[in-house]
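Numbering (this note's numbering), first residue to last: 12 to 305.
Glycine included, every Cβ here is placed at the ideal spot set by N, Cα and C.
Predicted, not measured: the structure shown is a model, and the values here were computed from it.
Worksheet: one structure, shown below.
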Ligand SMILES: [Zn+2]
Ligand SMILES: [Zn+2]
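And the structure:
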């Protein structure tokens with residue numbers, strides 16, 4: 012980690028509960044276009060604390076120490092802060108109360124994405140929550156990530172999956188899926204179904220009613236995740252049974268279906284019978300180790 016010279020900070024000691032931070036460069040999110048509006052993320056800016064004041068003094072003269080320390084990563088609100096130029100670099104002076112520490116879900120999302128980037132085939136590692144991680148949030152953030160990456164598959168499918176050739180959302184012969192994005196569920200061409208379903212999932216996952224916070228998630232809302240999983244899984248099955256080359260290429264690059272299958276097995280979000288893409292024998296088995304095969 013880079014820290015500016017100590018000398019700069021001797022010239023600048025924040026007063027009271029003020030904190031000096033250095034902004035981190037914004038990370039570009041570009042994987043396959045973004046369908047989920049990252050409404051909270053767009054505003055969030057990250058920073059590293061580089062100097063802290065001694066704390067605020069209350070009316071009895073008692074000092075309340077600042078709650079962050081040098082080196083902490085923090086999230087900045089959209090507005091406020093005072094720019095300070097030191098050593099030819101810009102820093103920002105904030106009040107201690109204005110930001111939260113990054114033990115929030117944004118950190119969870121980053122943690123997941125970082126593991127995927129470093130090795131998307133290391134499913135074990137990607138699925139392993141950090142110590143003490145809230146399970147509802149963990150599942151929720153994974154599902155957001157799956158939707159994001161499924162959007163990449165949808166973009167690839169567009170080249171081949173046309174409404175006049177794939178007139179229905181099908182997988183194997185016995186399944187025609189009705190699109191639930193309409194007042195009365197109906198048969199949409201596969202590519203429309205794909206878009207409608209990803210839109211619907213994004214809407215639900217971003218809804219203030221069901222998911223007002225990304226820090227803690229109500230049990231009743233966690234229950235919604237299973238139905239999202241079932242619907243978006245149909246995109247995998249359609250791709251696998253009708254656009255095999257596209258599926259295989261994307262799967263080789265991302266392990267997305269492998270990861271998704273492991274995820275829904277691990278958290279019991281879909282029944283085994285519905286997992287019809289037959290590439291995952293070994294995945295399914297290792298995910299259900301310890302259960303009897305009865
Ligand atoms: Zn198709
Ligand atoms: Zn539709």
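For residue i, collect the residues of the same chain with a Cβ closer than 8 Å to its Cβ; drop the 5 residues on either side in sequence, then sort them by chain order.
i: residue 53; result: Caution applies to residue 53, whose pLDDT of 41 falls short of 50 and renders its modelled position unreliable; the value that the coordinates give is listed next. Counting only Cβ-Cβ distances below 8 Å, and skipping sequence neighbours, we find nothing.
i: residue 96; result: 102
i: residue 314; result: Any answer about residue 314 is impossible in this case: the structure gives the chain only from 12 up to 305.
i: residue 123; result: 137, 152, 153, 156
i: residue 197; result: 189, 190
i: residue 208; result: 190, 191, 192, 242, 243, 245, 246
i: residue 25; result: 31, 62, 63, 64, 104
i: residue 261; result: 163, 164, 167, 250, 267
i: residue 144; result: 119
i: residue 290; result: 251, 262, 268, 269
i: residue 149; result: 119, 140
i: residue 169; result: 202
How is residue i classed by DSSP in three states: helix, strand or coil?
i: residue 125; result: helix
i: residue 225; result: coil
i: residue 287; result: coil
i: residue 215; result: helix
i: residue 1; result: The question about residue 1 has no answer, for the chain in this structure spans 12 to 305.
i: residue 263; result: helix
i: residue 102; result: strand
i: residue 156; result: helix
i: residue 201; result: helix
i: residue 234; result: coil
i: residue 220; result: coil
i: residue 132; result: coil
i: residue 24; result: coil
i: residue 143; result: coil
i: residue 5; result: In the structure displayed, the chain extends from 12 to 305; residue 5 sits before or after that span and is not available.
i: residue 254; result: coil
i: residue 48; result: Its pLDDT being 44, under 50, residue 48 is placed unreliably by the model, and nothing is read from it.
Beta-carbon within less than 6 Å of residue i's beta-carbon, same chain only, minus the 5 sequence neighbours each way: which residues are those?
i: residue 147; result: 228, 233
i: residue 27; result: 64, 67
i: residue 204; result: 180, 190
i: residue 49; result: Legend: pLDDT at residue 49 = 44, less than 50; position of this residue unreliable, value from coordinates given subsequently. So no residue of the chain qualifies.
i: residue 120; result: 152
Spatial neighbours of residue i within its chain, please: CB distance less than 7 Å, with the 5 preceding and 5 following residues excluded, ordered by chain position.
i: residue 93; result: 103, 104
i: residue 221; result: 215, 232, 235
i: residue 81; result: 60, 61, 62, 63
i: residue 288; result: 247, 248, 251, 268
i: residue 77; result: 28, 30, 63, 64, 66, 107
i: residue 270; result: 134, 137
i: residue 129; result: none
I'd like to confirm the pairing. Which residues does DSSP put opposite residue i in its beta bridges?
i: residue 239; result: Its beta-bridge partners do not exist; DSSP assigns none.
i: residue 192; result: Per DSSP, none; premise fails for residue 192.
i: residue 167; result: According to DSSP, residue 167 bridges with nothing at all.
i: residue 67; result: 75
i: residue 270; result: In the DSSP output, where bridge partners are listed per residue, residue 270 has none listed.
i: residue 187; result: 181
i: residue 59; result: 33, 84
i: residue 96; result: 101
Quiz: which residues have CB nearer than 7 Å to ligand 2 non-hydrogen atoms:
190, 192, 193, 197, 199, 203, 204, 207
What residues come near ligand 1, if near means a beta carbon less than 6 Å from any of its heavy atoms?
172, 177, 201, 249, 253, 254
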